[in-house]
Ligand SMILES: Nc1ncnc2c1ncn2[C@@H]1O[C@H](COP(=O)(O)OP(=O)(O)O)[C@@H](O)[C@H]1O
Ligand SMILES: [Mg+2]
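Residue numbers (the working numbering): 341 to 554.
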């Protein structure tokens, strides 16, 4: 059973963004989505991750047809099974890094894997206030927070945008390892070709759907 099945999804705001987007993601699979700025990559990620009902098409996430299910089922899925890493991270700035990660684990009632903090290179500053950390450090805390709830599927919108190449690769290694070890899946929006080609699939978003070529 795929973790995510997207079937002929279309969406428009002021003008059509994309039409007939279809794909599936099985456990252990990852897909990179590339595309010019404004092509609708973030919108597609929102559609796939329970946040936005598309104009047309179906999204089946962990066996739930998410925009046909009631709001409760969708909220539950979002809380327990979906991990969303945004471009700008929404951490509680006045709290310690630790507290931000623990909060996620308390809400989902799942324990934190301390090894993940080591591999993200943030174990040593978990007692710092988030506001005192650099942008790159904050982004890694936000990724730890998402992994702390042990999601079945991760949606990441340019998660390494403000990291240097070496740190970006290390952070992606943690995400890829997580997907492999937990039988999860990853949908990644990125501009980084080097990182994109490490995914199972690389697709480009166009008005008429996802294509293998740009
Ligand atoms: N909630 C919204 N309401 C109206 N227009 C939106 C909304 N979200 C995004 N857009 C517009 O849709 C287009 C695609 O946005 P986005 O999905 O963020 O593209 P990308 O992530 O590929 O840069 C942009 O022109 C953006 O202004
Ligand atoms: Mg975007």
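Note that CB positions come from ideal geometry on N, CA and C, so glycine has one too.
Since we're looking at a predicted model, the values are computed, not measured.
Residue i to residue j span [Cα, whole Å]
i           : j           : result
residue 381 : residue 545 : 7 Å
residue 360 : residue 554 : 17 Å
residue 383 : residue 364 : 18 Å
residue 354 : residue 407 : 22 Å
residue 532 : residue 517 : 19 Å
residue 515 : residue 352 : 31 Å
residue 377 : residue 498 : 12 Å
residue 537 : residue 460 : 21 Å
residue 404 : residue 529 : 23 Å
residue 455 : residue 473 : 20 Å
residue 527 : residue 464 : 29 Å
For residue i, the three-state DSSP class (helix, strand or coil)
i           : result
residue 354 : coil
residue 514 : helix
residue 444 : helix
residue 362 : strand
residue 495 : strand
residue 391 : coil
residue 285 : Nothing can be reported for residue 285, as the shown portion of the chain is limited to 341 through 554.
residue 385 : helix
residue 504 : coil
residue 461 : coil
residue 431 : coil
8 Å CB neighbourhood of residue i in its chain, flanking five on each side removed
i           : result
residue 475 : 502
residue 432 : 439, 440, 443, 470
residue 543 : 363, 371, 372, 373, 374, 550, 551, 552
residue 347 : 362, 397, 398, 399, 400
Residue(s) in a DSSP beta bridge with residue i
i           : result
residue 398 : 347
residue 549 : 546
residue 370 : 526
residue 452 : Paired residues: none, contrary to the question.
residue 405 : 400
residue 422 : 493
residue 469 : 436
residue 541 : 371
Nonlocal neighbours in the same chain, by C-beta distance under 6 Å from residue i, ignoring five residues either side
i           : result
residue 450 : 489, 490
residue 429 : 478, 479, 482
residue 400 : 345
residue 386 : 392
residue 366 : 342
residue 420 : 448
residue 424 : 389, 495
Own chain, CB closer than 7 Å to residue i, minus 5 neighbours either side, in chain order
i           : result
residue 548 : 359, 360
residue 426 : 497
residue 368 : 519, 520, 523
residue 507 : 476
residue 413 : 404
residue 484 : 441, 456, 457, 460, 462
is_contact[residue i, chain D] using C-beta, thresh 9 Å
i           : result
residue 498 : Of the protein chains in this structure there is only one, and it is not chain D.
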